[in-house]
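Trainee: This is the structure I have questions about; it appears just below.
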Amino acid sequence: MNLPPGHAEAPHWWEAAPRPLLPEQPLPARSDVAIVGSGITGLNAALVLARAGRQVTVFEAGEPGAGASTRNAGYVGRSLKHDYSTLLRRHGRAMAAAVYAEMQAANDAVFEVVAAEGIACHLERCGRVVLAHSPRQMSELAAELALKQEHLGEAHVLLDRAALTAEIGSERFVGGALIADLAALHPGLYHAGLLERALAAGVAVLAHTPVTGVTGQRGALRVATPRGASMAREVLFATNGYTGPGAPGWLRRRVIPFDAWMFATEVLSPDQVAAILPAHRTFIDMNHDILFARRSPDGRRILFGGQTGVRPRPVRERAAALHAQATEFLPGMARVCVDQAWTGRCAGTLDFYPHLAERAGVWFAGGYCFAGVPMGTYLGRKAAWQMLGRPEGATHLATRPFSGQPMPELARRLVPAVMAYWRACDRRAMRAR
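With the numbering used here, you'll find the sequence shown wraps up at 695, consecutive numbering, no jumps.
Written out as structure tokens, the structure is:
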């Protein structure tokens, strides 16, 4: 594999959207709202609040957007870790439909923000192909999508093995489904556009200013940093998988971070790209430990992701393991080199739902479980509207019980073991008839 020195861990997205170098700014004595984290969630919240007349300061531990907001796959959809059929069986049709209506609203929120702000980020309804490894997975996929089409009006087209040849250069899958209205974007350019609009709206973004603690009560919260302290009426932690020791204990107990990996191939010819991914779609399989692939927005590379929740290893080792997986499912990948490989930190919650929560003026939006682009956009705006007391801030994701674990560090260390269990389940599912 080709992993250039000094560039191996730089996400592909940073080529078109390099991390900005913002001028150092003084720490403000006071803000109406302090936002911890300058990713998709934090900037969407900051935009709404600043345009409502609030003084907003964003505290960022590194360069703006250097975390998962510019390291993800750029998928835009209605993703939730709970199948509609499961929610229907456990909670009834009204609740299941309401939850999935919010997933649709999160998908729509990305289009609303991109259109309203005029952000050029290659947002396109390219369609998503969901891939089944076995007849049992195919049967489960068909049943789930039929139910969603009947109850929610979500259209799809089932694809048998022969039909898949027009979509993906692999005979590994027994079938799949095309969901034509799902989309993708360039996450680096999306973030760059949000940052530009936030700065223009008067938001102060302080790079290299990590928050080391928040104390006090609503209206008088002390935000501590290595540069000193700043006061705020309210604080929003928009840190998701990067929620660190500066966050309150109640929050750290509720967020389970884990890493996922991606790579980008070398620049390929149109024929090479077409042999691997004939269709310009996003692709994802049905496993718990998901594999995903897409073309780069310029159509010159293949991007592939997986290795979720594995133990930390050097980038070259992880890239090699991921390339081996890619070759297994996309044989054409064996003949191309990896040019860039990187990781990004995601976060889940004990109930596998995203959450919006608040205690004593300290807010949190996160737990996105691989749906960071739509959910970060959606819950960032919801958090801001709730702070402003506006009715459009209402969301089911702010009313669900938000449970925590008593030993968060142990839970984090157990993630690789839990994922190993799910990978074993996946292997059985891939063999099931």
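We treat Cβ as the ideally placed atom computed from N, Cα and C, and that holds for glycine. Keep in mind that this is a model prediction, so the values were computed, not measured.
According to DSSP, is glutamate 386 helix, strand or coil?
Mentor: strand
Trainee: Taking alanine 258 as the reference, give the member of Arg390, Pro616 and Arg662 with the closest Cα.
Mentor: Given that the chain is displayed from residue 263 to residue 695, the structure contains no residue 258 and the question cannot be resolved.
Trainee: Looking only at C-alpha atoms, which of Leu530, Thr505 and Ala581 sits nearest to isoleucine 518?
Mentor: Thr505
Trainee: Skipping 5 residues on each side, what residues in its chain have a beta carbon closer than 6 Å to that of asparagine 549?
Mentor: Asp688
Trainee: What runs of the alpha helix (DSSP H), each 4 residues or longer, lie entirely inside the region 521-550?
Mentor: 532-538
Trainee: Using the Cα positions of glycine 481 and alanine 622, report the straight-line distance between them to the nearest angstrom.
Mentor: Spanning the alpha carbons of glycine 481 and alanine 622 requires a straight line of approximately 9 Å.
Trainee: Looking at alanine 308 and valine 497, is the spacing between their C-beta atoms short of 7 Å?
Mentor: no
Trainee: Less than 7 Å separating the beta-carbons of phenylalanine 566 and arginine 434?
Mentor: no
Trainee: Run through the region 549-634 for me and flag every whole alpha helix (DSSP H) of 4 or more residues, listed as ranges in chain order.
Mentor: 577-591
Trainee: Does DSSP put asparagine 264 in a helix, a strand or coil?
Mentor: Unreliable positioning characterises asparagine 264 in this predicted model, as indicated by a pLDDT of 47, which lies under 50. The coordinate reading is nonetheless provided below. DSSP places asparagine 264 in coil when its eight states are reduced to three.
Trainee: Please report the distance separating the alpha-carbon of leucine 289 from that of proline 449.
Mentor: 29 Å
Trainee: Taking phenylalanine 321 as part of the beta strand (DSSP E), name the residues at either end of that continuous run.
Mentor: 318-321
Trainee: Can you check whether the CB of valine 572 is closer than 7 Å to the CB of serine 300?
Mentor: no
Trainee: Under the three-state reduction of DSSP, which class applies to proline 397: helix, strand or coil?
Mentor: helix
Trainee: Straight-line CA distance for glutamine 658 to glycine 508?
Mentor: The sequence given here has histidine at residue 658, not glutamine. Between the alpha carbons of histidine 658 and glycine 508 lies a distance of about 27 Å.
Trainee: So, with DSSP's three-state summary, where would you put glutamine 366?
Mentor: helix
Trainee: Is threonine 319 near the ligand MG, with its Cβ less than 6 Å from a heavy atom?
Mentor: As for the ligand MG, it is missing from this structure, which has no ligand bound.
Trainee: For a quick check, are the C-beta atoms of arginine 351 and alanine 694 less than 7 Å apart?
Mentor: no
Trainee: Flag this pair as yes or no: are the beta carbons of valine 677 and phenylalanine 520 separated by less than 7 Å?
Mentor: yes
Trainee: May I have the straight-line CA-CA distance separating alanine 356 from leucine 305, to the nearest angstrom?
Mentor: 33 Å
Trainee: Between which two residues does the alpha helix (DSSP H) carrying alanine 335 extend?
Mentor: Neither: alanine 335 is in no alpha helix (DSSP H) and is coded neither H nor E.
Trainee: I want to know whether the region 599-615 touches the region 531-549 - three or more CB-CB distances under 8 Å.
Mentor: Pairwise C-beta distances place the region 599-615 out of contact with the region 531-549, as fewer than three of them are shorter than 8 Å.
Trainee: Tell me, please, whether the region 580-590 touches the region 314-322 by the rule of three or more beta-carbon pairs shorter than 8 Å.
Mentor: Counting C-beta pairs with one atom in each stretch, the region 580-590 and the region 314-322 have fewer than three that are closer than 8 Å, which means they do not touch.
Trainee: Are histidine 453 and serine 331 touching if we call contact CB-CB under 7 Å?
Mentor: yes
Trainee: At the level of alpha carbons, what is the spacing between alanine 291 and methionine 493?
Mentor: 6 Å
Trainee: Look at the Cβ atom of alanine 486, then the Cβ atom of threonine 501, and state whether they are nearer than 7 Å.
Mentor: no
Trainee: For a test of the three-state rule: what should DSSP assign to serine 347, helix, strand or coil?
Mentor: Serine 347: helix per DSSP, three-state reduction.
Trainee: Which of the three DSSP states, helix, strand or coil, is assigned to glycine 455?
Mentor: Looking at glycine 455 - three-state DSSP - the assignment turns out to be helix.
Trainee: Just checking, does the region 334-344 make contact with the region 622-637 on the three C-beta pairs under 8 Å criterion?
Mentor: yes
Trainee: Does DSSP put glutamate 433 in a helix, a strand or coil?
Mentor: Three-state result, glutamate 433: coil.
Trainee: Count the other CB atoms, across all protein chains shown, that sit within 10 Å of the CB of aspartate 422; report buried if there are 16 or more and exposed otherwise.
Mentor: exposed
Trainee: If you draw a straight line from the C-alpha of leucine 530 to the C-alpha of alanine 656, how long is it?
Mentor: 46 Å
Trainee: Which word fits tyrosine 683, buried or exposed, when buried means at least 16 other C-beta atoms lie within 10 angstroms of its C-beta?
Mentor: exposed
Trainee: DSSP on histidine 269, reduced to helix/strand/coil?
Mentor: In this prediction, histidine 269 scores a pLDDT of 43, lower than 50, which makes its location untrustworthy; the coordinate-derived value is nonetheless stated afterwards. Of the three classes helix, strand and coil, the one that applies to histidine 269 here is coil, per DSSP.
Trainee: Just verifying my parser: in three-state terms, what is the DSSP assignment at leucine 461?
Mentor: Helix, per DSSP.
Trainee: Helix, strand or coil for alanine 691, going by three-state DSSP, please let me know.
Mentor: helix
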